[in-house]
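J.: I have a structure I would like to understand better, so I am pasting it below and will then ask my questions one at a time.
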Amino acid sequence: MEKLTLTVKDDSKLLYLVNFLQQLDFVEVKRHKPIKSTSPKKYDFFASAGLWKGRAIDAKRLREKAWKRNN
Numbered sequence: 155m156e157k158l159t160l161t162v163k164d165d166s167k168l169l170y171l172v173n174f175l176q177q178l179d180f181v182e183v184k185r186h187k188p189i190k191s192t193s194p195k196k197y198d199f200f201a202s203a204g205l206w207k208g209r210a211i212d213a214k215r216l217r218e219k220a221w222k223r224n225n
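So the mapping is simple: my numbering equals the position in the sequence shown, first residue as 1, plus 154.
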């Protein structure tokens, strides 16, 4: 048995396709909820709390590394 994933570009024709596939005795049709990927996921600022926990680094050293110039 194989599984296929179909992407229907025109929603108005989806029902037609599903009805057609259900008429075939060797095809089992299972519908799934559509995946919503239209809007980008917003960044959760509070998820990065504790990012520097346990590291021996201070603001001065961070600035030195960030602004380090190679002459």
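Quick reminder that beta carbons are idealized off the backbone N, C-alpha and C, glycines included. Note that this is a predicted model, so its numbers are computed, not measured.
Could you tell me how far apart the beta carbons of Leu175 and Val162 are, in whole angstroms, since I believe they sit closer than 8 Å?
T.: At roughly 11 Å, the Cβ-Cβ gap does not stay under 8 Å, so Leu175 and Val162 are not in contact.
J.: Between the alpha carbons of Glu218 and Ile211, how many angstroms are there, rounded?
T.: In a straight line, the C-alpha of Glu218 is about 11 Å away from that of Ile211.
J.: When you compare only the Cα positions, how much space is there between Lys114 and Lys207?
T.: This structure cannot speak to residue 114, because the chain is shown only from 155 to 225.
J.: Quick check on the DSSP output: the alpha helix (DSSP H) that includes Phe174 runs from which residue to which?
T.: Looking at the DSSP string, the run of the alpha helix (DSSP H) that includes Phe174 is 168-177.
J.: Taking just the CA atoms, how far does Leu205 sit from Val181?
T.: Rounded to the nearest angstrom, the two C-alpha atoms are 50 Å apart.
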